[in-house]
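Everything on this sheet refers to the single structure shown next.
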Ligand code: FAD
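In full-length UniProt numbering, the protein residues as written are 4 to 437.
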């Protein structure tokens, strides 16, 4: 008899709610991870995120094997096929896992649940990657919030550290309740047709110093440790959100805390309005006549627009899988407004490149930049790509790092004249939305 614990976006042993709950029974727990062929088949061979996940699974597996004679069973298949096989090979008492809110995950989980229920196996799922989920922070009449300020107010009203920041200490239960085996299936990247990527996920910093200085440093892309770099770690659950919120609360710093709440705001938007993955939240915005010039899109992607701060951001993204938030806002606005290219194109490019790619945040922020989303920038507010430099990279440190060819003849002329583009954007948007 075994209980299966299915790791997904929660790749850590400590403070993992579902794993902790699985270990509270007197039945050995067999941890598993599925490299889902449906997700992987669309990715490049040397994908940085697959490399990161694989490394993290190896790390957890080695910890479980060295200390507890167990490990993580690894599969490369569709989740349906894996569970069908597992329930034949083992007497499965129950399957435990943590909630996953994206549309694909919801569909996948309901299919797995169906297979399990047919076999009288309970599928037990838990909230782990957020403080509040689904309907937990809604208006008094039950409607979801679509504006951030009242959402965050209600979030904080509902927040109770002694309930929401409880730590789930799995470590003491591992010894007694883990499934013992030296021969769990293991996978290398090569087994799955992948290669190791040279792009690495950097460690995060969430020190008291960072949180206290965050307000002053977070807007300047040249600052080495101006932001936390938590993105991919929250995305794959290599760190617990409860621990991060606890740090923000302990420092009594609202700014950093509010950023963590932006993440949950967009997650609940995607949960309540899943169609916004590819449709404007404000339907009128789907009437915009995008120019969608492919040559210009290629130049934007390559960081060759002739606007140095835009180009610096895109080159940073292409090289490292990261781009500073200020610059993300600018390049997104530039694509939608200066070039009149559909936000969905930019969203898809970010999804391919960002190490911290998170569907809810990416779609939410892109729609914000395009003006079509919840709580979005009004369409007539168009970032000026030159004055943004004066505000956020006055000494051109960031630009010099990523666009060393700025002074050379080979550096391109601006792809489009700012004034003309601004007027063209206002006209096009106005026709669509007014
Ligand atoms: P910090 O400034 O240290 O913030 C800490 C954490 O708070 C972040 O890791 C993130 O989890 C959360 N956070 C901060 N700002 C936001 C925000 N605006 N929206 C949602 N969560 C936020 N963030 C993603 O996590 N995944 C994405 O795919 C993504 N796509 C974006 C696309 C565009 C066009 C824009 C403008 C922003 C996008 N962001 C996305 C939000 C933000 O840029 C990143 O979260 C941030 O830059 C990550 O760096 P950090 O971890 O050092 O952030």
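Yeah, the Cβ is synthetic: ideal placement off N, Cα and C, and Gly gets one too. Quantities reported herein were computed from a predicted structural model and do not represent experimental measurements.
Item                                                                                                                                                             : Value
Report the residue from 9, 204 and 348 whose alpha carbon sits nearest the alpha carbon of residue 112.                                                          : 9
Alpha carbons only, please: which of 89, 102 and 390 is nearest the one belonging to residue 122?                                                                : 89
Pull up the distance between the alpha-carbon of residue 7 and that of residue 260, whole angstroms please.                                                      : 34 Å
How would you label residue 11, buried or exposed, when you count the other beta carbons within 10 angstroms and need 16 or more for buried?                     : buried
Give the straight-line distance between the Cα atoms of residue 380 and residue 180, rounded to the nearest whole angstrom.                                      : 51 Å
Of all the options 158, 32, 177 and 275, which has the alpha carbon lying nearest to the alpha carbon of residue 71?                                             : 177
Examine the ligand FAD and report whether any of its heavy atoms sits within less than 7 Å of the Cβ of residue 212.                                             : no
Where does residue 35 fall in DSSP's three states?                                                                                                               : strand
Which one or two residues does DSSP pair with residue 79 in a beta bridge?                                                                                       : 38
Compute the Euclidean distance between the alpha carbons of residue 147 and residue 433, then round it to the nearest angstrom.                                  : 28 Å
Hey, could you find the ends of the beta strand (DSSP E) residue 127 is sitting in?                                                                              : 126-129
For residue 283, verify whether its CB is less than 7 Å away from any heavy atom of the ligand FAD.                                                              : no
How long is the line joining the alpha carbons of residue 13 and residue 98, rounded to whole angstroms?                                                         : 15 Å
If you reduce the DSSP assignment to three classes, tell me which class residue 387 lands in.                                                                    : coil
Please name the residue, chosen from 221, 435, 155 and 339, that lies closest to residue 134 on a Cα-to-Cα basis.                                                : 155
Measuring alpha carbon to alpha carbon, tell me which residue in 410, 61, 235 and 268 is nearest residue 141.                                                    : 268
Can you tell me which of the three DSSP states residue 312 falls into?                                                                                           : helix
Just to check my reading of the structure: residue 204 and residue 235 have Cβ atoms closer than 8 Å, yes? What is that Cβ distance to the nearest angstrom?     : 5 Å
Should residue 232 be listed as close to the ligand FAD, given that the test is whether its C-beta is under 7 Å from any heavy atom?                             : yes
Closest to residue 30 by C-alpha separation, out of 46, 183 and 153, would be which residue?                                                                     : 183
Tell me the residue span of the alpha helix (DSSP H) that contains residue 23.                                                                                   : 20-25
Less than 7 Å between the CB of residue 439 and some heavy atom of the ligand FAD, yes or no?                                                                    : Residue 439 falls outside the range modelled here, since the chain spans only 4 to 437, and no answer is possible.
Roughly how many whole angstroms lie between the Cα atoms of residue 27 and residue 165?                                                                         : 21 Å
Give the range of the beta strand (DSSP E) segment to which residue 8 is assigned.                                                                               : 5-10
What beta strand (DSSP E) runs, 3 residues minimum, are completely inside the segment 97-126?                                                                    : none
To the nearest angstrom, how far is it from the Cα of residue 219 to the Cα of residue 396?                                                                      : 14 Å
Near residue 378, what residues of its chain come up, given a Cβ to Cβ distance below 6 Å and the 5 sequence neighbours on each side ignored?                    : 150 and 151
Suppose only complete runs of 4+ residues qualify. What are the alpha helix (DSSP H) ranges in the segment 313-346, listed by chain order?                       : 328-336
Looking at the C-beta of residue 111, does it have a partner C-beta in chain B at a distance below 8 Å?                                                          : Checking the listed chains, one finds no chain B in this structure; it contains a single protein chain.
On a CA-only basis, which of 59, 429 and 120 is nearest residue 191? Give me that one, please.                                                                   : 59
When the Cα atoms are used, what is the spatial distance from residue 118 to residue 361?                                                                        : 28 Å
With DSSP run on the structure shown, which of helix, strand or coil describes residue 147?                                                                      : strand
Suppose the cutoff is 8 Å on Cβ atoms and the five residues either side in sequence are ignored; what does the same chain contact list for residue 66 look like? : 16
Just the Cα atoms here: how many angstroms apart are residue 96 and residue 33?                                                                                  : 11 Å
I need the boundaries of the alpha helix (DSSP H) containing residue 182, first residue and last residue.                                                        : Taken as a continuous stretch (DSSP letters only), residue 182 belongs to no alpha helix (DSSP H), as it is neither H nor E.
Between the Cα of residue 5 and the Cα atoms of 107, 124, 63 and 43, which residue gives the shortest distance?                                                  : 124
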